[in-house]
Amino acid sequence: MHNDFEQIFQDKVDKEIKIEPKDWMPEKYRQTLIRQISQHAHSEIIGMLPEGNWITRAPSLRRKAILLAKVQDEAGHGLYLYSAAETLGITREEMYEQLHSGKAKYSSIFNYPTLTWADMGAIGWLVDGAAIMNQVPLCRTSYGPYARAMVRVCKEESFHQRQGFEILLTLSKGNEAQRRMCQDAINRWWWPSIMMFGPTDDASPNTIQSMRWKIKRFTNDELRQKFVDVCAEQVQFLGMVLPDPDLKWNKERNHYDFGAINWEEFRNVVSGNGPCNKERVSARKKAWEEGAWVRDAANAYAKKKAARNLSNNKNTEAA
Amino acid sequence: MVHMKSMITKYYYGDLSEGGAGDHSIHQHTTGKESSEWPLWEIFIRSKQGLDHKHVGSLHATDAAMAIENARDVYTRRMEGVSIWAVESRHIHASNPDDAQALYDPANDKVYRHPTFYDLPDELEYM
Chain A
29 MHNDFEQIFQ
39 DKVDKEIKIE
49 PKDWMPEKYR
59 QTLIRQISQH
69 AHSEIIGMLP
79 EGNWITRAPS
89 LRRKAILLAK
99 VQDEAGHGLY
109 LYSAAETLGI
119 TREEMYEQLH
129 SGKAKYSSIF
139 NYPTLTWADM
149 GAIGWLVDGA
159 AIMNQVPLCR
169 TSYGPYARAM
179 VRVCKEESFH
189 QRQGFEILLT
199 LSKGNEAQRR
209 MCQDAINRWW
219 WPSIMMFGPT
229 DDASPNTIQS
239 MRWKIKRFTN
249 DELRQKFVDV
259 CAEQVQFLGM
269 VLPDPDLKWN
279 KERNHYDFGA
289 INWEEFRNVV
299 SGNGPCNKER
309 VSARKKAWEE
319 GAWVRDAANA
329 YAKKKAARNL
339 SNNKNTEAA
Chain B
1074 MVHMKSMITK
1084 YYYGDLSEGG
1094 AGDHSIHQHT
1104 TGKESSEWPL
1114 WEIFIRSKQG
1124 LDHKHVGSLH
1134 ATDAAMAIEN
1144 ARDVYTRRME
1154 GVSIWAVESR
1164 HIHASNPDDA
1174 QALYDPANDK
1184 VYRHPTFYDL
1194 PDELEYM
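Heads up: the protein sequence lines correspond to chains A and B, in order. The opening position of the first sequence corresponds to residue 29 in the numbering used here, with each subsequent residue numbered one higher. The opening position of the second sequence corresponds to residue 1074 in the numbering used here, with each subsequent residue numbered one higher.
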C-alpha cells in the first residue's frame, strides 16, 4: 500500500507535476523540506545582522537607503520561507525554538564579521551571488509553496547582488586605501562564499535522494563550479584578484580550476565555533525575548477588541 | 481505504519535535499547549485594476487590520498590488486532492463543451 503511494508520488515528480501541501508525500521528503526551507528562512533572518551593523555607518544617504531596503527584503524573504515551511505542518514557534536553541542551522557565512564598508560590497557580490546561484534552480523545485516563494525571492535578490558589485566598483576606482579595502574584503569573503554551496558531492549523502525528488536540481559541486567560473570573470571588472593562486582556466574542462577548500574551517563554523556564532544567535534571541511584550500586547488588544465587537453585536440584536 | 486514511493523517505531523519523527500533530500544537502564536492569514493581492486577486502567501497577525498592514510590507514592497484581501487561514475550506478524480469526473467526458469539438468548413468566417 505504502509503495503504491510512493510510486504515484515519484511519477508526479518525474512528470514535473508540483507537489502541493495536501498531497501525499513520503515522510522523509517532508522532513528534508522542513529542514531545508527552515534553514533557508533562518539564514535570511540571521543574515540581516551582519548588514544591519552598517546601516547607520553607510557612507551616503543613497547607500543607507539601499542597505535598508536590502535588509528589509531579507526580512521579507525569511517570512515567505517560514510560511512555505508552515504548509508542511511545523509551526513558526517551533522553528524559532529550533533556531534559538541551536538545533536548527543557518548558512555558516553569517558567522563571519563585517569589518569594513567594503564588506557590504563583498557580501552583495559574493554572498548574494552564491545565494542566487543556489536559488535560481530552486524556483523549479518540486514542492509548490517552496518554488513559489523562491520565484519571489529571486526577483528581489538580483538588486542585492548588483548594489554590492557597485559598492566594490566604486571603491576599486578610489584611492589607494579604498582599493586596498576592496581587495581585503574580497580576500576575506571569497573562501567562505564558495563554502556556501556545502560539502563536496562525495561527502553529501543526501544529494542523490534530493535530486531524485527534484528538491535539488544541481549538485553542490556543479553549482560551486558555475559560481567560480562567473566570479573569475567578474573580478576583472574590479581590477582585483580572487585569493586563490590555483585559480586557472582549464581549456579541456572548459572551466576554471580552483584550489583546495579548507573543510576543517567549514565544519568548525557549522558546528558553532565560527567567529560570530554566539553573537548572532544571542542577538536574535535578545530581539525575540525583548519583543515578547509587544506580541503579548497585540494579542491582548485583539482579544479585547473581538470581545467588544461580540457584545456590541449582541446589544444590536437585542435592540 | 482504511489504510489510506491512516496515512493521510500523517500529513499533519511535524517531524522535528522532541520525541522524534511524527509523534505529535498540529492539532496537539494548537490544543495541547497554550500557544501565544498569532493566527495565520492567507493574503490575496490584486496587482492592477481589472485583474483578479491572487493568492500570494500567508503571514501571522493578531487581527485583520494588522494582517493587511503586514501584507503591504511583506508582499507589496515593489508596487505589486493595488488591493489586498486577508482571510484567516482557518476559514479556508479546500477540496481534498485524493477526491480529485471523482470530483472532476463529471467534466471529463464532455468535450462538446469546447468550440473545437465542432467540425465546420474552413471557409466559414467570423465564428
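Ideal Cβ positions, reconstructed from N, Cα and C, are used throughout, including at glycine. Note that the structure is a prediction, hence the values are computed from the model and not measured.
Cross-chain neighbours of residue i in chain A, by beta carbon under 7 Å
{"i": "residue 1133/B", "result": "120"}
{"i": "residue 1147/B", "result": "104 and 107"}
{"i": "residue 1167/B", "result": "50"}
9 Å Cβ cutoff, residue i in contact with chain E
{"i": "residue 333/A", "result": "In summary, chain E is missing from the structure at hand, where the protein chains are A and B."}
Inter-residue spacing [alpha-carbon to alpha-carbon] between residue i and residue j
{"i": "residue 16/A", "j": "residue 132/A", "result": "The displayed coordinates of chain A run from 29 to 347. Any statement about residue 16/A would go beyond what the structure contains."}
{"i": "residue 228/A", "j": "residue 248/A", "result": "6 Å"}
{"i": "residue 173/A", "j": "residue 1130/B", "result": "8 Å"}
{"i": "residue 1143/B", "j": "residue 304/A", "result": "31 Å"}
{"i": "residue 292/A", "j": "residue 312/A", "result": "26 Å"}
{"i": "residue 324/A", "j": "residue 212/A", "result": "45 Å"}
{"i": "residue 210/A", "j": "residue 96/A", "result": "21 Å"}
{"i": "residue 243/A", "j": "residue 161/A", "result": "15 Å"}
{"i": "residue 32/A", "j": "residue 289/A", "result": "43 Å"}
{"i": "residue 257/A", "j": "residue 73/A", "result": "29 Å"}
{"i": "residue 57/A", "j": "residue 170/A", "result": "10 Å"}
{"i": "residue 1135/B", "j": "residue 1110/B", "result": "9 Å"}
{"i": "residue 49/A", "j": "residue 116/A", "result": "6 Å"}
{"i": "residue 54/A", "j": "residue 1113/B", "result": "26 Å"}
{"i": "residue 120/A", "j": "residue 129/A", "result": "14 Å"}
{"i": "residue 156/A", "j": "residue 1140/B", "result": "29 Å"}
{"i": "residue 1179/B", "j": "residue 165/A", "result": "38 Å"}
{"i": "residue 1182/B", "j": "residue 1176/B", "result": "13 Å"}
{"i": "residue 1122/B", "j": "residue 1152/B", "result": "13 Å"}
{"i": "residue 123/A", "j": "residue 109/A", "result": "11 Å"}
{"i": "residue 1158/B", "j": "residue 232/A", "result": "43 Å"}
{"i": "residue 1146/B", "j": "residue 106/A", "result": "13 Å"}
{"i": "residue 225/A", "j": "residue 1126/B", "result": "37 Å"}
{"i": "residue 1117/B", "j": "residue 1167/B", "result": "16 Å"}
{"i": "residue 267/A", "j": "residue 179/A", "result": "33 Å"}
{"i": "residue 1137/B", "j": "residue 89/A", "result": "35 Å"}
7 Å CB neighbourhood of residue i in its chain, flanking five on each side removed
{"i": "residue 206/A", "result": "199"}
{"i": "residue 86/A", "result": "92 and 95"}
{"i": "residue 241/A", "result": "41, 57 and 170"}
Residue i: contacting residues in chain A (beta-carbon distance under 9 Å)
{"i": "residue 1052/B", "result": "Only positions 1074 to 1200 of chain B appear in this structure, which leaves residue 1052/B out of reach."}
{"i": "residue 1158/B", "result": "By Cβ distance, chain A contributes nothing, its closest Cβ being about 16 Å from residue 1158/B, past 9 Å."}
{"i": "residue 1139/B", "result": "326 and 330"}
{"i": "residue 1136/B", "result": "326, 329, 330, 333 and 334"}
Cβ shell of residue i (< 8 Å), same chain only, five flanking positions each side left out
{"i": "residue 1190/B", "result": "1184"}
{"i": "residue 142/A", "result": "78, 79, 81, 82, 148 and 151"}
{"i": "residue 1101/B", "result": "Low per-residue confidence applies at residue 1101/B: pLDDT is 40, beneath 50, and the placement is therefore not dependable, though the value from the model is reported in the following sentence. Excluding sequence neighbours, residue 1101/B sits near nothing in its chain."}
{"i": "residue 1162/B", "result": "1112, 1113, 1114, 1115 and 1131"}
Residues that residue i bridges to, as DSSP identifies them
{"i": "residue 283/A", "result": "278/A"}
{"i": "residue 171/A", "result": "47/A"}
Neighbourhood of residue i by C-beta distance below 6 Å, restricted to the same chain and skipping five residues each side
{"i": "residue 1104/B", "result": "Caution is warranted here: a pLDDT of 42 is assigned to residue 1104/B, below 50, making its placement in the model unreliable, and the coordinate value is therefore given only provisionally. Hits under 6 Å: none found."}
{"i": "residue 101/A", "result": "184"}
{"i": "residue 136/A", "result": "297 and 298"}
{"i": "residue 193/A", "result": "153"}
{"i": "residue 302/A", "result": "139"}
{"i": "residue 281/A", "result": "none"}
Under 9 Å by beta carbon: chain B residues contacting residue i
{"i": "residue 48/A", "result": "1170"}
{"i": "residue 324/A", "result": "1109"}
{"i": "residue 100/A", "result": "1146 and 1150"}
Interface partners of residue i on chain B, CB under 7 Å
{"i": "residue 111/A", "result": "1130, 1131 and 1132"}
Residues that residue i contacts on chain B, provided the C-beta gap is smaller than 8 Å
{"i": "residue 51/A", "result": "1170"}
> Which residue spans inside the stretch 199–278 of chain A form an unbroken beta strand (DSSP E) run of at least 3?
Replying inline: Restricting attention to beta strand (DSSP E) runs no shorter than 3 residues, the stretch 199–278 of chain A encloses them at 276–278, ordered along the chain.
>> Please give the ranges of any alpha helix (DSSP H) in the stretch 99–143 of chain A, keeping only runs that are unbroken, at least 4 residues long and fully inside the region.
In response: Counting only runs of at least 4 residues, the stretch 99–143 of chain A fully encloses the following alpha helix (DSSP H) elements, listed from N- to C-terminal order: 120–129.
> Counting only runs that start and end within the stretch 1113–1190 of chain B, where is the alpha helix (DSSP H) found for 4 or more residues in a row?
Replying inline: Runs of the alpha helix (DSSP H) inside the stretch 1113–1190 of chain B: 1137–1148 and 1173–1181.
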